[in-house]
Amino acid sequence: MSQTSYPNLPAQAAGGVLLMEDTATGPEGPGGRVAGSRSAAQRRRRVRAVAFHVLILAITVVILYPAVWMLMSSFKPSSDIVGSINLIPTTFTLDNFAKALGGIGGVSFWTFFMNSMILAVASVVGVVLSATVSAYAFARISFPGRGLFFSLMIGTLLLPFHVVIIPQYIIFNNLGLVNSFVPLLAGKFLAAEAFFVFLMVQFMRNLPRELDEAARIDGAGHVRIFRSIMLPLMRPAIITSSIFAFIWSWNDFLGPLLYLKKPDLYSLPIALRLYVDQTSVSDYGAQMAMAVLALLPVLLFFIVFQRYIVDGVATQGLKG
Amino acid sequence: MTLTRDDAQRGTPAPAPGTRTQQKRWRSADVRAGYAFLTPWLLGFLLLTVGPMLASLYLAFTDYNLFRSPSWVGFDNFTALFSDPRYIQSVKVTAVYVLVGTPIKLIAALAVAMLLNLKHSAQGAYRSIFYAPSLIGASVSIAIVWKAMFIDDGMVDKIGQFFGAPAGGWVGNPDMTMPMMILLAVWQFGAPMVIFLAGLKQVPAELYEAASVDGAGAVRKFLKITLPMLSPVIFFNLLLETINAFQVFNSAFIISGGTGGPAGSTLFYTLYLYIRGFTDFQMGYASAMAWVLVLVVGIITAVFFKTSKSWVHYSGETR
Amino acid sequence: MRITRSAVLGISVATTVALTLGACSGGGNGETTEPGAGDALDTDRDITLTLAWWGNDDRASKYEESVDLFEEQNPNITVQTQFQAWDDYWTARNTEAAGQALPDVMQMDLSYLRQYGATNQLADLNGQIGVNLDVGGFDEALLASGNLEGGQFGIPTSSNTLALFYNADLLDELGIEPPAEGYTWDEYDAWLTEVSEAGAGEDPVVFGGPDYSVTFWFFLQWLIQQGVEPFTEDGQLGFDEADLTSWLERTQPLRDAGVVYPIERTKQLEPLGGFTVNEAASEFSWDNFLAGYVADSGTDNIQMLPIPSGDDGTTSLFFKPSMLLSSSASSEEPEAAAALIDFLVNDPEVGRIFGTSKGVPAVAEQRDAMEIEPGSVDERVVAYEESVTDQATEAAPIPVEGFGAIEAEFKRLGEELLYETIDIEEFVSQWFNGAASSIPQS
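Residue numbers (our numbering), protein chains in the order written: chain A, 34 to 353; chain B, 359 to 677; chain C, 563 to 1004.
Structure, rendered in structure tokens:
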């Protein structure tokens, strides 16, 4: 499978190709059979189709159950949540959301939301800027040391990041940058998340070289080739990277846990955790409501961009 | 986190692009432009990766608590690790999670991928639905939901009791927290499944037809065609999922309230590292832990790549 | 309402302080910088303060109510609040301390005051006293408990002592009398067994109480009854492995017989506990916990008794400052922080709001503002403290540096002991190992 195809290959197209395969490889090859065995085969196929759908539906139920349970629980009174297998609330209430939106300890929910949003959007900007530029150097410019740097970058992909968090924390702490967004964003603007660079290098490698060579003959420098030729062509890779940069930043927990210590700087996951710690077990309703609110943007993103996301995973091995 | 299948198929990290066509002499404009374009990455690499790695290597040999300056203690931190019952506990917990959880997750992923592969028309929607948990599984929200489902008198407890299991939530029972964590991991089988599915689509249908003509059954087809043809993808998934499993943190942190409890049963390696480093401020000790993790993950990666030659088949690749 | 025990409290706290000062005179380098007098509070500029405490929902609503009043009186000040359960609270504060980001005002405990004060994390409030902070209503000795080597690093809000709480309604249902006055530890253990046996048939099952032996303070109280001073004057442990072993072995039969409240359930109820969900009939704790117990359990009929007596027939109780308020040394608003502390410890309305939930208030104006109706929570706490005044013969143990860490380790190992993942021998050896590295050697 061509690597460049990942965001461009719409599911329908793939499905269409595979459907054609289906008819070609179906059990009923040319030549025909006697009517009796054909109907038996049809029955067998129908039984198999039913079994297939039952099984797939069962898996779907198991997969969706926790998420749907969370969503439905957020509309139930707290006392009805734990231990209830029923999905549909018997008493429907919006109190949980009112409570969750009320915020924690004098800081509004929207403050947390905006912090998460600022971090996520800035991450997207940082990743797109730094990864495209770095990837261009790796993919399109030849200079001494490139091969070595590229291998090192691949190496950082597999490196457990825990080995750097302690010194990083000490450095940012000494710089007085704890309680700012800088430690959380520095890595994005400095292309420290190698998979984005890698993804873009892979993409760029497969763009036809003739384009930049032609431009070069016309006297264009690297800056112009990058801006006028590469960037527009890299749209699919940029979109995929942006989606993942957004979602990963939105879900990030350890980073904000280490660096954001003041309630008005909390991102949503940290606020959510604080909320869980602060409320008695009996207040599951508000916890669920806040959990739903914290996941909502990710789920919306997923619904809108699911094709990009899943195809990105299928072809690039991106992890969710 | 993102080796592509193609890299896995080559068996080594991708070589630098264009090495073959590289000229002996570089154009000075290219050299300047190259380093200029690479500046963000180079800065990040030096300041956020190499520098900190060297710093943590140094710290691993010191006693440092952030308030006083580091004092050199030689290998004390490393020897202390192996007489620290909590460290040993964290190694055990992580090992069980990696060795049991990862295979179950991958088997589930492969099984569902093969199921979906039977009927292509249904794939689009199901593929997305099954993938969704991978996207949200590590979030705080899901950890909270998981805890609520598995607590005393919770949903799982009720269902268990219905089937005659002894009453009691999983969250407070040290014997049941690991199954609970593994279920959470298996629930996120979607990401490897999507990759398996892409691999399955590339298995030429003619192979199965030929096997059918030879009278091969489903099991034989699976063993003789599917598994070998899929081995590069299996290798890729196995490597990634193993490395990821070593680094699980968020859900254990939320479910245990940051303690690794009950009775150390969710004291994952990274959680203990966090406790030592950022709760007790034993930065030297935590750095030693981090370096042991780097070494172990490095060795495992090397072993994977070494052994892959004997079981990963790259048909159709010119090598 | 006069609090007659204050004289005794004064004496015991004075002893504590004398010992504390003696203990640290050797360790400190003596460079206490005299803080300049603070400026008056700015009333024009918008100021944001952060305030943190440990506790439950009930305490949170009391703080919120008090903070609202403070903000009403100081329209230019906004207070952002946060609270956690005890363990999480100290984890959060430790991380903040490392980043010079402690809250402007925070609840402080005697067990951590030394650790934070000695590492220059806390503001010396001496400069604010008489400017933004009025300490005129304080007993000198009690105020001095927040003093380290001349620096006033904490202002005590109140004082407390240990008690046995029991759920009278539950006992009535089971037809069991509470322990008789003057009961011993062994008699309490027998009583626990009796309640658990009677409660086994209930739905939900009712237990006598949780395993008290895994709480560090109860062990210290027991040591004092045995005539063992828990900590030496030079800040080291005053007890040995044998003491700890015999304390833990005392309650082993209770654990073996399944008499104590199951740890599996306790873990899942956090931050509540067996006692607050009305499944355990009794629990030891600090006397100011009554308000929280009543709020969490929804049962008003919770009564108090002194703790069991030692071999000599006395309880050897001690009063200690239940908590203090401290300000961060890195606070950008020291004046406003001091004003908030002043408000919280002096304002009569705050005294009414909190009642005895943080302990009996240190300042008379706050004590007098409490609504002491017969049978009310506050009345019960005050009555309890009065009733044990003559039993409070001891000085509170002076927490050694590292007390917070060894206390937390005691709790963690206790959990493992209850889960039977370690035995008493391992508990003792691991705890002493940890203590050796947590307590600075002199």
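Built from N, CA and C at the ideal position, the CB exists for glycine as well.
Since this is a predicted model, take the numbers as computed values, not measurements.
With residue i as the anchor, note down where its alpha helix (DSSP H) starts and where it stops.
i	result
VAL768/C	Here VAL768/C belongs to no alpha helix (DSSP H), and DSSP marks it neither H nor E.
ILE204/A	195–207
LEU473/B	460–476
GLN783/C	778–787
THR643/C	THR643/C -> not in any alpha helix (DSSP H); beta strand (DSSP E) instead, spanning 639–646.
ILE717/C	Per DSSP, ILE717/C belongs to no alpha helix (DSSP H); it is in the beta strand (DSSP E), 717–722.
LYS559/B	548–559
GLY159/A	142–173
ASP245/A	242–250
ASP1006/C	Look at the range of chain C in this structure, 563 to 1004, and you will see that residue 1006/C is not part of it.
ILE271/A	268–284
GLU711/C	GLU711/C -> no alpha helix (DSSP H), and no H or E assigned at all.
GLY573/B	Element bounds for GLY573/B: n/a, residue is neither H nor E.
MET186/A	179–191
ARG914/C	910–916
TYR489/B	481–494
Let me check understanding here. Comparing Cα to Cα, which of the options lies closest to residue i?
i	options	result
THR600/B	VAL661/B, GLN481/B, GLY573/B, VAL470/B	VAL661/B
VAL943/C	SER919/C, ALA901/C, ASP930/C, TYR774/C	SER919/C
ASP773/C	GLY964/C, PHE846/C, PHE916/C, SER1000/C	PHE846/C
VAL757/C	LEU782/C, PHE781/C, ALA730/C	ALA730/C
THR951/C	THR681/C, THR610/C, ASP849/C	ASP849/C
VAL990/C	GLN865/C, THR807/C, ARG974/C	THR807/C
GLU795/C	ALA998/C, GLU963/C, ALA899/C, VAL641/C	GLU963/C
SER609/B	LEU468/B, LEU404/B, LEU651/B, ILE540/B	ILE540/B
GLY518/B	TRP102/A, LEU192/A, GLY318/A, ILE118/A	ILE118/A
ASP874/C	LEU736/C, SER623/C, LEU785/C, GLY689/C	LEU785/C
TYR292/A	ILE174/A, PHE214/A, THR123/A	PHE214/A
LEU555/B	ILE509/B, LYS516/B, TYR484/B, PRO537/B	TYR484/B
GLY841/C	TYR981/C, GLN714/C, VAL697/C, PRO824/C	The residue asked about is misnamed: residue 841/C is Glu in this sequence, not Gly. It is PRO824/C whose Cα lies nearest to the Cα of GLU841/C.
GLY996/C	THR612/C, LEU975/C, VAL925/C, ASP751/C	LEU975/C
How far does the beta strand (DSSP E) with residue i in it reach, from first residue to last?
i	result
THR124/A	Looking at the DSSP string, THR124/A is not in any beta strand (DSSP E), and its letter there is neither H nor E.
VAL558/C	Here chain C has residues from 563 to 1004 only, and residue 558/C is not among them.
TRP616/C	609–616
LEU887/C	880–889
ILE668/C	Looking at the sequence itself, residue 668/C is Met, so the reference to Ile does not match. It spans 667–670 - the beta strand (DSSP E) in which MET668/C sits, taken as one unbroken run.
Give the C-beta separation of residue i and residue j to the nearest angstrom, bearing in mind that I take them to be a contact with Cβ-Cβ under 8 angstroms.
i	j	result
ASP606/C	ASN638/C	7 angstroms
PHE778/C	GLU969/C	5 angstroms
ALA153/A	MET233/A	Going by Cβ atoms, the distance from ALA153/A to MET233/A rounds to 19 angstroms, so no, they are not a contact pair.
ILE864/C	THR877/C	Not confirmed; about 20 angstroms, so no contact.
THR828/C	GLY835/C	6 angstroms
TYR489/B	GLY557/B	Between GLY557/B and TYR489/B the Cβ distance is about 15 angstroms, and since that is not below 8 angstroms, they are no contact.
Would you list the one or two residues that DSSP bridges to residue i?
i	result
TYR728/C	SER844/C, GLN865/C
GLN677/C	Its beta-bridge partners do not exist; DSSP assigns none.
ASP421/B	SER429/B
SER871/C	THR746/C
ALA956/C	Here residue 956/C is Glu; the residue named in the question, Ala, does not match the sequence. Partner(s): PHE880/C.
VAL922/C	SER721/C
VAL822/C	GLY771/C
ASN694/C	Answer is none; ASN694/C lacks a bridge partner.
PHE793/C	LEU799/C
LEU629/B	Looking at the DSSP assignment, LEU629/B forms no beta bridge with any residue, so it has no partner.
Residues of the segment 147–180 of chain A whose Cβ lies closer than 7 angstroms to any Cβ of chain B, in chain order: SER163, VAL166, SER167, TYR169, ALA170, PHE171, ALA172, ILE174, SER175, PHE176, PRO177, ARG179, GLY180
Residues of the segment 573–607 of chain B whose Cβ lies closer than 7 angstroms to any Cβ of chain C, in chain order: none
Positions along the segment 604–632 of chain B whose CB lies within less than 8 angstroms of some CB in chain C: GLY615, GLY616, THR617, GLY619, PRO620, ALA621, GLY622
Contacting positions in the segment 644–674 of chain C - beta carbon closer than 8 angstroms to chain A: GLN644, PHE645, GLN646, ALA647, ASP650, ALA654, THR657, GLU658, ALA660, GLY661, GLN662, ALA663
Contact set between the segment 288–307 of chain A and chain B, restricted to residues whose Cβ is under 7 angstroms from the partner: LEU291, PRO302, LEU305, ARG306
Within 9 angstroms of chain B by C-beta, residues of the segment 695–721 of chain C in sequence order: none
Interface residues of the segment 122–141 of chain A facing chain C [CB-CB below 9 angstroms]: ILE137, GLY138, GLY139, VAL140
Selection of the segment 972–1001 of chain C by Cβ proximity to chain B, strictly under 7 angstroms: GLU977, GLU978, TYR981, THR983, GLN992
Within 7 angstroms of chain B by C-beta, residues of the segment 927–938 of chain C in sequence order: none
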